[in-house]
Amino acid sequence: MMPLKALPAAALLAAACTLPAFAQTPVRIGFLGEFSGPQAGLGQDMYDGFMLGIRQAGGKLGGVPVEVLREDTQLKPDVAVQVARKLIEKEKVPIIAGITFSNIMMSVQPLATRREVFVIGTNAGPSPIAGDKCSPYQFIVSRQGDQQAEVLGKYATQRGYQRVVMMAPNYQAGKDVLAGFRRYFKNEVVEEIHTPLDQFDFSAELSRVAAHKPDAVFAFYPGSPGVNFVRQYRQLGLAERTPLMSVAVVDGVSLPALREAALGVLLGSTWGPDLPAEANRRFVSAFEAAYGRTPSEYAATSYDAARLLDAAIGAVKGNVADKPAFMAALKAARFDSVRGNFKFGNNHFPIQDLHVFQVVRDGENQVALKTVETPMKGVQDAYHDGCTMR
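Residue numbering for the sequence shown is 102 to 491, as defined by the numbering used here.
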């Protein structure tokens, strides 16, 4: 049998060895991510973290065999709806996991809710579904999109930065992130710059930034655009005089490409490889051994999603067709999160700590993310009061 990670991208992945005839029926899980194009690294990291969690549970979740069907959304909402509909109608999956980008989540979540299919979100956390468009079938394991920026807004205020320029792509997550920073930054935003989601050249915008001479810059550029952004930021001389605060710009996916170009960049996040939880130390070690690289937050939250499902599926003894019971099991599930403190709020988004990290030297020709501080602890998102679930 081929190793799980070696199976083709579109294949149906059996997470257990060949089962005897009397074995329990496997639970089928659809997994959505970007597995082609410039953002493929993010989808792959999510998938690898999720599958590591399954392998560590013996190829099962809750003691029950599972089958994972991986689908590429191509970062296109219409494609995401097509593959989600195929998973729901043809493959009869009761669970869809993954989902990297907020525009994909906003397309898939309403469809899944109408069909009473559970969405275990491992990255995207757009504000509408945290508020009045929340669903009892959604369980977002990562965080609400504003939160990683909120912690940097608070940090920037505490550091005494008076004038900041903000930059982000012009889509739901970009809007959420900028709103989050503004919510906690108490001083002047000199300019708010929105760029196309597929933009890779930021030289014109960064020239405008330089002309403002701000105290700091806040930016959100996940994946490959973020690599270009950081390189151009340093090439234009901004890195030496203007601190760069970021969300999803420097992480386990981008640092191998950026290396010393990323030195000094600050990151707001719910997770980092040096967090002290014992579950985190085990996860980082296992991920590096399995894949030969340091995990990112995409991998970490997806690993937590597998641990969540392990607890909840076990609680219902594999009977995920009992939707009220499975929903209650997901809400009540307790597991050793890589983040340490973790529980769901009323809107099925996490209540958790928010940290600031920085890229530092870590040995000769190496860089790493190190925790700077944890300005916000046990935080619930800003939109939960708009959700009618209690």
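Quick reminder that beta carbons are idealized off the backbone N, C-alpha and C, glycines included.
Note that the structure is predicted; figures quoted are calculated from it, not measured.
Which full runs of the alpha helix (DSSP H) of 4+ residues lie inside the region 216-269, going along the chain? 228-231, 248-260
Find out if the Cβ-Cβ distance for the pair L455, K478 is shorter than 9 Å. yes
Extent of the continuous beta strand (DSSP E) to which T296 belongs: T296 -> beta strand (DSSP E) spans 289-296.
Can you give the beta carbon distance from V498 to Q459, rounded, assuming they're within the 8 Å contact cut? This structure leaves residue 498 out entirely; the chain is present only between 102 and 491.
Separation of G338 from P211, as counted between CA atoms: 45 Å
Going along the chain, which residues of its own chain have a beta-carbon closer than 6 Å to the beta-carbon of A274, five neighbours each way excluded? S203, G246
With DSSP collapsed to three states, give me the class of K432. Note: K432 maps to helix in three-state DSSP.
From G163, P127, E135, L153, pick the residue whose C-alpha is nearest to that of P396; which is it? Residue L153 is the option with its Cα nearest to P396.
Can you give the Cα-Cα distance for S386 and A422, rounded to whole angstroms? 35 Å
Is it the case that the Cβ atoms of A413 and A430 are separated by a distance below 9 Å? A contact, by the Cβ cut-off of 9 Å.
To which residues does DSSP link R171 through a beta bridge? DSSP lists F132 as partners of R171.
Cβ shell of V351 (< 6 Å), same chain only, five flanking positions each side left out: A363, V366, L368, V460
Locate the alpha helix (DSSP H) running through L409, then write down its first and last residues. 398-416
In chain order, what residues of the same chain have a beta carbon less than 7 Å from the beta carbon of T214, not counting five sequence neighbours either side? S236, Y238
What separation, rounded to the nearest whole angstrom, lies between the Cα atoms of A185 and V265? Cα to Cα, the separation comes out at about 40 Å.
From the DSSP output, in three-state form, read off D454 for me. Shown here, D454 sits in a strand according to DSSP, grouped into three states.
Short of 6 Å in beta carbon distance, which residues of its chain neighbour S355, apart from the five on each side in sequence? Order them along the chain. G327, V328
According to DSSP, simplified to helix, strand and coil, what is T201? The three-state secondary structure of T201, taken from DSSP, is coil.
Evaluate M267 with the Cβ neighbour count: other Cβ atoms within 10 Å of its Cβ, from every protein chain shown; 16 or more gives buried, anything less gives exposed. buried
Under 8 Å by Cβ, that's how I've got V457 and L279 pegged, so tell me the actual separation to the nearest angstrom. V457 to L279, Cβ: 18 Å. No contact.
In angstroms, rounded to a whole number, what distance separates the CA positions of S403 and T223? 5 Å
For L376, which residues in the same chain have their Cβ closer than 8 Å to its Cβ, ignoring the five residues on either side in sequence? V439, R440, G441, H456, T472
Let me know the secondary structure DSSP gives T489 once reduced to three states. In the structure shown, T489 falls within a coil segment according to DSSP collapsed to helix, strand and coil.
Tell me, which residues are paired with P166 by DSSP? K161
Beta bridge counterpart(s) of K444 as assigned by DSSP: I452
When DSSP builds the beta bridges, which residues end up paired with R382? According to DSSP, which records beta bridges pairwise, R382 is partnered with nothing at all.
Option nearest A340 by Cα separation, candidates M147, F132, D316: With respect to the C-alpha of A340, the residue from M147, F132, D316 having the closest C-alpha is D316.
Alpha-carbon spacing of V180 relative to A401, whole angstroms: 26 Å
Over the uninterrupted alpha helix (DSSP H) stretch that includes A312, give me the two end residues. 304-313
Work out the CA separation of I196 and V290 for me, nearest whole Å. 42 Å
Report buried or exposed for A433, applying the criterion of at least 16 other Cβ atoms within 10 angstroms of its Cβ. exposed
So who's on the other strand from Q459, going by DSSP bridges? L367, K471
Give the single residue among E190, A380, Y262, S325 whose Cα lies nearest to the Cα of F436. A380
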